[in-house]
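By full-length UniProt numbering, the letter at position 200 of the sequence shown is numbered 200, and the numbering carries on one by one without gaps. Encoded as structure tokens, the structure appears first; notes follow it.
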Amino acid sequence: MPAGGHENAGYRRLFDRDGLTFGAGFPLTGATRSSPPIEDELHLANHAESVGFDGLWARDVPTYWPKFGDAGQTFETWPWLSHVAAHTDDIALGTSSVVLTLRHPLHVAKAAATVDRLSDGRLVLGVASGDRDPEYPAFDVDREERGHLFRESVETLRAVWREDFPELEGRWGRLEGDLDVVPTPTTETLPLLPTGHARQSREWIAEHGDGWLFYHLPERTLEDYLVDWREAAGEKPFAIAVRVELADDPTAEPEPLHLGFHAGVEWFRAYFARLADYGLDHAIIGLQNDDREAALSTFADEIIGEL
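What follows is the structure in structure tokens.
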């Protein structure tokens, strides 16, 4: 059974119906090295919701490392999602993914519950152990302890959300006495989707997560992962992120991109139909076309609407 929190509005929007659902990843304008234009991002977020996307996903990149070449949407995850919540209606709001090892779990618990309340329960939390080596000394974290710190954070989040005045202790500190963390989420606990392996076993993720969020995988590898995941986790959802560049020619065959493909809509329609048949529950689309509004519309009309 899911670990809890799976009944909130965002989780239901993404996973409570048969078939594959789709989300769009910020920055929708494609600006990942400098702050994206806020009004353009909000316009595209509204457009994605209006044409049929079910989720909007924000990155958590604590610091900008030019060698990595990607600062996510650059805006801090929590205020950004609160701002997006105020400018959208019912689309799910996801994190892909909060780096728990670099954040104090009590801060995460409070911030996430706040966004969940402000959005009427639309928050779904992808959570990760991190992958940018220079960030660990910047936050005085031993990268070799990532696995333990991740597990400890998940346990702390669950306890803080579920219990009143919990008594907890970890490497992050100690919570005891007349101290509580408020607000609480709209549901017993927020949905947590570990990302990648997060330095954990598949069995741990199946037991403690409400689903599994993964990077783009080769098709055969994804099929094998889904078989193993169903054996370990039953019906808990599996989601991936895919970069998509729509070719002008709808019949164009695929060309590989980093973590995705350049292809025509006909190939993408068949590709995502296969992934749905394998049992994939949700795909976070990172559109690469220059005209993002047109690409969102085309993807929704020609792929989401046809599956």
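Yeah, the Cβ is synthetic: ideal placement off N, Cα and C, and Gly gets one too. All of these numbers come straight from a predicted model, not from anything done at the bench.
Beta-bridge pairing of residue 312 - partner residues as DSSP gives them: Residue 312 lies beyond the range of the chain shown here (1 to 307); nothing can be said about it.
Reference aspartate 281, options Trp229, Arg117 and Asp60, closest by Cα: Locating residue 281 in the sequence shown gives position 281, where the first residue counts as 1. Checked all of Trp229, Arg117 and Asp60; the closest Cα to aspartate 281 is Trp229.
DSSP state of glycine 130 mapped onto helix, strand, coil: Walking along the sequence shown from the start, residue 130 turns up at place 130. Note: glycine 130 maps to coil in three-state DSSP.
Proximity below 8 Å, CB of proline 62 to CB of leucine 102: Here the question's residue 62 lines up with position 62 in the sequence shown. Here the question's residue 102 lines up with position 102 in the sequence shown. Their beta carbons are under 8 Å apart, which means proline 62 touches leucine 102 by this criterion.
Residue 376 versus proline 194: straight-line alpha-carbon distance, rounded: The requested residue 376 is not part of the displayed model; the chain covers only 1 to 307.
Three-state class that DSSP yields for alanine 3 in the structure shown: As a first step, residue 3 is located in the sequence shown; it is residue number 3 there, counting from the start. Confidence is the limiting factor: at alanine 3 the pLDDT is only 49, short of 50, which leaves the residue's position unreliable and the question unanswerable from this model.
Leucine 100 versus leucine 28: straight-line alpha-carbon distance, rounded: For the purposes of this step, residue 100 is taken as the residue at position 100 of the sequence shown. For the purposes of this step, residue 28 is taken as the residue at position 28 of the sequence shown. If you draw a straight line from the Cα of leucine 100 to the Cα of leucine 28, it comes to about 24 Å.
When Ala276, Gly55 and Phe75 are compared against glutamate 227, the one with the closest alpha-carbon: Residue mapping note: residue 227 aligns to position 227 of the sequence shown, counting from 1. One point to set straight first is that residue 227 is valine, not glutamate, in the sequence displayed. Per the Cα distances, Ala276.
In DSSP terms, what tryptophan 212 is bridged to: On the sequence shown, position 212 is the one that residue 212 refers to. DSSP output for tryptophan 212 lists Phe238 as bridge partner(s).
Cβ neighbour criterion (16 or more within 10 Å) applied to alanine 300: One-based indexing of the sequence shown puts residue 300 at position 300. By the 10 Å Cβ count, alanine 300 comes out buried.
Contacting residues, own chain, Cβ-Cβ under 6 Å from glutamate 266 (five flanking each side not counted): To locate residue 266, count along the sequence shown from 1; it is residue 266. Cβ neighbours of glutamate 266 beyond the five flanking positions: Pro250 and Thr251.
DSSP-derived helix/strand/coil call for alanine 198: Within the sequence shown, numbered from 1, the residue matching residue 198 stands at position 198. Three-state result, alanine 198: coil.
Contacting residues, own chain, Cβ-Cβ under 6 Å from phenylalanine 165 (five flanking each side not counted): Sequence index remark: in the sequence shown, residue 165 carries index 165 (1-based). Cβ-Cβ distances below 6 Å link phenylalanine 165 to Asp180 in the same chain, with the five nearest sequence neighbours on each side left out; the list follows chain order.
Own chain, CB closer than 6 Å to aspartate 140, minus 5 neighbours either side, in chain order: On the sequence shown, position 140 is the one that residue 140 refers to. Only residues of its own chain outside the window of five on either side were considered, and among them none has a CB closer than 6 Å to the CB of aspartate 140.
Residue nearest to glutamate 163 in terms of C-alpha spacing, selected from Arg243, Glu145 and Pro185: If you number the sequence shown from 1, residue 163 lands on position 163. The option with the nearest alpha carbon to glutamate 163 is Pro185.
Rounded Cβ spacing between glutamate 245 and asparagine 289 (contact assumed at less than 8 Å): Counting from one through the sequence shown, the residue named residue 245 turns up at place 245. Counting from one through the sequence shown, the residue named residue 289 turns up at place 289. Between glutamate 245 and asparagine 289, the beta carbon gap of about 6 Å places them in contact (Cβ cut-off 8 Å).
Spatial distance of alanine 31 from tryptophan 80 (CA atoms): Counted from its first residue, the sequence shown places residue 31 at position 31. Counted from its first residue, the sequence shown places residue 80 at position 80. Straight-line spacing of the CA atoms in alanine 31 and tryptophan 80 works out to 15 Å.
Alpha-carbon spacing of alanine 233 relative to asparagine 8, whole angstroms: On the sequence shown, residue 233 is found 233 positions in, with the first residue counted as 1. On the sequence shown, residue 8 is found 8 positions in, with the first residue counted as 1. Rounded to whole angstroms, alanine 233 to asparagine 8 spans 20 Å at the Cα level.
Nearest to valine 51 (by Cα), restricted to the options Glu231, Leu296 and Leu307: By one-based count along the sequence shown, residue 51 stands at place 51. Answer by Cα proximity: Leu296.
Beta-bridge partners of residue 321, as assigned by DSSP: For the chain, the structure presents residues 1 to 307; residue 321 sits outside this window and is missing.
Segment contact, 8 Å Cβ cut-off, at least three pairs: the segment 106 to 114 with the segment 63 to 72: The segment 106 to 114 is not in contact with the segment 63 to 72.
Where alanine 273 sits in the DSSP three-state scheme: Position 273 of the sequence shown, counted from the first residue, corresponds to residue 273. DSSP places alanine 273 in helix when its eight states are reduced to three.
Through-space distance from isoleucine 303 to arginine 269, alpha-carbon basis: As a first step, residue 269 must be located in the sequence shown, where it is residue number 269. As a first step, residue 303 must be located in the sequence shown, where it is residue number 303. Per the coordinates, the alpha-carbon of arginine 269 lies some 5 Å from the alpha-carbon of isoleucine 303.
From Gly94, Leu125, Arg199 and Pro183, residue whose alpha carbon lies closest to that of glutamate 144: Working through the sequence shown from its first residue, we reach residue 144 at position 144. Of the listed residues, the one whose Cα sits closest to glutamate 144 is Arg199.
Outcome for arginine 274 when other beta-carbon atoms lying within 10 angstroms are tallied against a minimum of 16: Indexing the sequence shown from 1 puts residue 274 at position 274. Flag for arginine 274 reads exposed.
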